[in-house]
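Enquirer: Could you have a look at this structure, given as structure tokens, before my questions?
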Amino acid sequence: MPIAITRKVSPAIARCELTHLARSPIDVGLAGSQHEAYERTLSKLGCWVVSLPAAPDLPDSVFVEDTAVVVDEVAVITRPGSRSRRPETASVAAVLAKYRPIVAIEAPGTIDGGDVLRLGRRLFVGLTERTNREGINQLRALLSPHGYVVEPVPVSGCLHLKSAVTQVAPDTVLVNAAWVDAAAFAGFTRIDVDPGEPYAANALMVGDMVLYPEAFPFTAAQLDRAGVRIVTVDVSELAKAEGAVTCCSILLTG
Ligand code: CIR
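To convert, note that position 76 of the sequence shown is 75 in numbering that gives the first Met the number 0; the numbers rise steadily by one, no gaps.
See the structure below:
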């Protein structure tokens with residue numbers, strides 16, 4: 000059974016980091032209930048959900064994905080690119096230590112987990128404002144002994160690599176080609192987001208299903224036509240904090 004690590008929405012989420020979005024009011028209660036629905040959906044998809052308590056002083060802490068990169072052999076605790084987010088890692092590391100040996104990215108390296116897309120034994124890592132070359136080199140040094148290839152990918156116009164591309168089937172990626180050069184994913188079948196839905200590339204594959212935001216019906220229809228089975232969730236409040244579906248969990252095989 001896959002394990003999904005999540006963390007409840009912080010009451011301070013209104014003070015979240017924002018890079019590409021203008022600040023708009025977030026309904027904390029609604030964000031919390033949407034997040035609970037997200038956790039319930041993960042359970043329905045067969046995950047064992049380990050839900051950490053909210054961190055009142057860490058506005059972005061619901062976005063646990065950014066704090067770790069987990070493979071079968073090891074958990075790499077990141078050093079998030081945003082200083083305000085660095086205190087999020089310790090409590091996630093404490094939980095992950097139950098499941099994996101722990102290693103960590105160190106200064107001056109930075110990595111946000113949202114920049115790391117694992118496709119089999121290949122890890123594509125976005126070069127962004129959050130993730131630097133030193134962080135990528137450290138990740139390579141930590142994971143290449145386990146047989147993983149780490150490949151940097153330039154990203155522009157969005158926060159993270161996984162804002163621009165995610166996996167939706169074993170051999171298929173969902174891409175916004177305005178934000179990442181799709182040539183990096185040659186060899187994979189490619190589905191493009193609908194041009195009117197630039198934020199639609201962030202999908203969370205769980206087994207043979209895909210957890211997907213309700214907000215992108217045109218791209219959802221394309222996924223459906225391609226035979227990708229999706230289950231939708233409403234994450235409108237978390238989207239105002241520049242988050243989506245991958246960022247609210249860390250998935251690992253149990
Ligand atoms: C941030 O700027 O760090 C948060 N407001 C959003 C992080 C979203 N994380 C993700 O997509 N992996």
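Idealized CB from N, CA, C, for every residue including glycine.
Are the beta-carbon atoms of valine 179 and valine 149 separated by less than 9 Å?
Expert: No; because the gap between Cβ atoms is not below 9 Å, this pair is not in contact.
Enquirer: Using beta-carbon positions only, say whether valine 164 and alanine 200 come within less than 9 Å of one another.
Expert: Result yes, Cβ atoms of valine 164 and alanine 200 sit closer than 9 Å.
Enquirer: Can lysine 161 be considered in contact with the ligand CIR, in the sense that its beta carbon sits closer than 8 Å to one or more heavy atoms?
Expert: Correct: lysine 161 has its Cβ closer than 8 Å to the ligand CIR.
Enquirer: Would you kindly work out how many angstroms separate the C-alpha atoms of tyrosine 147 and leucine 122, rounded to a whole number?
Expert: For tyrosine 147 and leucine 122, the distance between alpha carbons rounds to 7 Å.
Enquirer: In chain order, what residues of the same chain lie with their CB nearer than 8 Å to the CB of isoleucine 78, ignoring the 5 residues before and after it?
Expert: Per the sequence shown, the amino acid found at residue 78 is arginine instead of isoleucine. Hits under 8 Å: Arg85, Thr88, Ala103, Ile104, Glu105, Ala106, Gly108, Thr109, Ile110 and Gly134.
Enquirer: Should proline 79 be counted as a contact of the ligand CIR given a C-beta to heavy atom distance under 8 Å?
Expert: Flag set: Cβ of proline 79 near the ligand CIR.
Enquirer: Please determine if the segment 178-193 and the segment 203-210 are in contact, where contact requires at least 3 C-beta pairs separated by less than 8 Å.
Expert: At 8 Å Cβ cutoff, the stretches do not touch.
Enquirer: In chain order, what residues of the same chain have a beta carbon less than 8 Å from the beta carbon of threonine 245, not counting five sequence neighbours either side?
Expert: So the qualifying residues of the chain are Glu64, Gly113, Lys161, Thr165, Asn201, Ala202 and Leu203.
Enquirer: Does at least one heavy atom of the ligand CIR sit under 8 Å from the Cβ of alanine 30?
Expert: Flag unset: Cβ of alanine 30 not near the ligand CIR.
Enquirer: How should aspartate 170 be labelled, buried or exposed, when 16 other C-beta atoms within 10 angstroms of its C-beta is the threshold for buried?
Expert: When all chains shown are included, aspartate 170 counts as exposed.
Enquirer: Would you say alanine 13 touches the ligand CIR, meaning its beta carbon is less than 8 Å from a heavy atom?
Expert: Because no heavy atom of the ligand CIR lies under 8 Å away, the Cβ of alanine 13 does not count as near it: no.
Enquirer: Once you ignore the five residues that flank asparagine 131 on each side, which residues in its own chain have a CB closer than 7 Å to its CB?
Expert: Excluding positions up to five away in sequence, the list reads Gly108 and Thr109.
Enquirer: With distances taken between CB atoms, is the gap from leucine 29 to glutamate 236 smaller than 9 Å?
Expert: Yes. Within cutoff.
Enquirer: If valine 70 sits next to alanine 3, beta carbons under 8 Å apart, how far is it from one beta carbon to the other, in whole angstroms?
Expert: Their Cβ separation, rounded to whole angstroms, is 16 Å, which puts valine 70 and alanine 3 out of contact at 8 Å.
Enquirer: CB threonine 5 to CB leucine 51, shorter than 9 Å?
Expert: Yes.
Enquirer: Which residues in the same chain have their Cβ closer than 7 Å to the Cβ of serine 81, if we skip the five residues on either side of it in sequence?
Expert: Glu16 and Arg129, listed in sequence order.
Enquirer: Using only alpha-carbon positions, find the residue among Leu141, Val167, Leu126 and Ala168 that is nearest to histidine 159.
Expert: Checking every option, the nearest Cα to that of histidine 159 belongs to Leu126.
Enquirer: Assuming valine 167 contacts valine 209 (C-beta within less than 8 Å), just tell me the rounded distance between them.
Expert: Indeed they touch by this definition, with Cβ atoms about 5 Å apart.
Enquirer: Specify the secondary structure class of leucine 95 as computed by DSSP and reduced to three states.
Expert: Residue state, collapsed to three classes: helix.
Enquirer: Can you check which of these residues, Gly31, Glu196, Ile12 and Val91, is closest to proline 24 by C-alpha distance?
Expert: The shortest Cα separation from proline 24 among Gly31, Glu196, Ile12 and Val91 belongs to Ile12.
Enquirer: To the nearest angstrom, how far is it from the Cα of valine 91 to the Cα of leucine 251?
Expert: Near 13 Å, if we compare the C-alpha coordinates of leucine 251 and valine 91.
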